[in-house]
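Using the numbering used here, the letters of the sequence shown correspond one by one to residues 455 to 648. Where is the CB? At the ideal position from N, CA and C, for every residue including glycine. In what follows, a single structure is set out as structure tokens and then discussed.
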Amino acid sequence: MDDFTFYFKLGWQHILNLQELDHLMFLTTLSAVYLLTEWRQVLILITAFTIGHSLTLALSTFDVIRINSNWVEFLIPLTIIITALTNLFQKNTAQKRLQVNYFLPLFFGLIHGLGFANNIRFMLAKQQHITLPLLGFNLGIEAGQMVAVLIILLLSFIVVNKIRLPKRWWVRILSGAALSIAIIMCIERWPLKN
Numbered sequence: 455m456d457d458f459t460f461y462f463k464l465g466w467q468h469i470l471n472l473q474e475l476d477h478l479m480f481l482t483t484l485s486a487v488y489l490l491t492e493w494r495q496v497l498i499l500i501t502a503f504t505i506g507h508s509l510t511l512a513l514s515t516f517d518v519i520r521i522n523s524n525w526v527e528f529l530i531p532l533t534i535i536i537t538a539l540t541n542l543f544q545k546n547t548a549q550k551r552l553q554v555n556y557f558l559p560l561f562f563g564l565i566h567g568l569g570f571a572n573n574i575r576f577m578l579a580k581q582q583h584i585t586l587p588l589l590g591f592n593l594g595i596e597a598g599q600m601v602a603v604l605i606i607l608l609l610s611f612i613v614v615n616k617i618r619l620p621k622r623w624w625v626r627i628l629s630g631a632a633l634s635i636a637i638i639m640c641i642e643r644w645p646l647k648n
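Encoded structure:
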């Protein structure tokens with residue numbers, strides 16, 4: 455169980471690391487369009503993200519896939535840009551929004567999983583059995599995401615329901631801020647630098 459606990463904490467810290475805001479920004483843009491009453495839908499979204507993330511980690515650990523880390527570091531903020539733009543410009547019904555948003559976290563989870571794949575591959579390579587450590591890591595990610603999203607939804611509740619800022623404005627503030635930061639990150643991480 456020590457391996458499970460170690461990797462659970464590692465997954466938890468991977469998501470809630472304030473030094474690397476990529477995942478938190480993605481979770482913010484992903485959940486910006488939802489309110490606290492829609493927590494079940496958000497739970498499904500973050501679970502889809504974890505599934506994508508977990509799949510990439512597993513494939514990477516077994517050395518099935520490898521992608522240049524420069525490209526991965528560029529693609530991660532690009533997922534934030536796409537999600538933020540979807541929030542800012544999508545005028546579809548709630549049902550269509552849900553369908554698009556379920557696909558995005560699953561697909562983008564694959565990309566985000568590559569961001570940590572190299573580190574965990576080396577750590578897990580030393581293990582005889584990787585199933586329990588990989589499970590612990592992924593459950594740590596899921597738990598960390600749940601805490602982060604709960605904070606975002608509570609903040610949204612306060613801003614929209616108590617302060618009475620229109621929801622659309624709140625979505626624009628969160629998505630616009632994340633979009634601005636992610637654009638800068640993409641420029642800084644451009645993989646084809648000389």
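Handout entry: Inter-residue spacing [alpha-carbon to alpha-carbon] between residue 469 and residue 540
Key = Spanning the two alpha carbons is a distance of roughly 23 Å.
Handout entry: CB of residue 571 within 7 Å of CB of residue 511, strictly
Key = A distance below 7 Å separates the beta carbons of residue 571 and residue 511.
Handout entry: Where the alpha helix (DSSP H) through residue 466 begins and ends
Key = For residue 466, the enclosing alpha helix (DSSP H) starts and ends at 456 to 469.
Problem - Helix, strand or coil at residue 549 [DSSP, three-state] - result: Bear in mind that a pLDDT of 49 at residue 549, under 50, signals an unreliable position, so the number given afterwards is only what the model happens to contain. Three-state DSSP puts residue 549 in a helix.
Problem - Spatial neighbours of residue 644 in its chain, beta-carbon cut-off 7 Å, leaving aside the 5 residues before and after - result: Correct list, in chain order: 528.
Exercise for the section: Could you tell me whether the Cβ atoms of residue 567 and residue 462 are closer together than 7 Å? Expected result: No, Cβ-Cβ distance for residue 567 and residue 462 is not below 7 Å.
Practice task
Thinking residue 613 and residue 604 are a contact (beta carbons under 8 Å), I'd like their distance in whole angstroms, please.
Solution key: About 15 Å; that fails the 8 Å criterion.
Exercise for the section: Quick one: residues in its chain with C-beta nearer than 7 Å to the C-beta of residue 564, no 5 flanking neighbours on either side, listed in chain order? Expected result: Closer than 7 Å at Cβ, skipping near neighbours: 506, 509 and 510.
Handout entry: Separation of residue 485 from residue 602, as counted between CA atoms
Key = Rounded to the nearest whole angstrom, the CA to CA distance from residue 602 to residue 485 is 10 Å.
Practice task
State buried or exposed for residue 615, treating a residue as buried only when at least 16 other CB atoms are found within 10 Å of its CB.
Solution key: By the C-beta density criterion, residue 615 is exposed, having fewer than 16 other C-beta atoms within 10 angstroms.
Handout entry: DSSP state of residue 517 mapped onto helix, strand, coil
Key = Residue 517 carries a coil assignment under DSSP once its states are collapsed to helix, strand and coil.
Handout entry: Spatially closest choice to residue 535 from 647, 628 and 646, by CA coordinates
Key = Residue 535 has its Cα closest to that of 628, out of 647, 628 and 646.
Exercise for the section: Use the C-beta contact count for residue 516: other C-beta atoms within 10 angstroms, 16 or more gives buried, fewer gives exposed. Expected result: Classification of residue 516: exposed, given that the 10 Å Cβ count is below 16.
Problem - Cβ distance (whole Å) where residue 504 is taken to contact residue 592 below 8 Å - result: Residue 504 to residue 592, Cβ: 6 Å. Contact.
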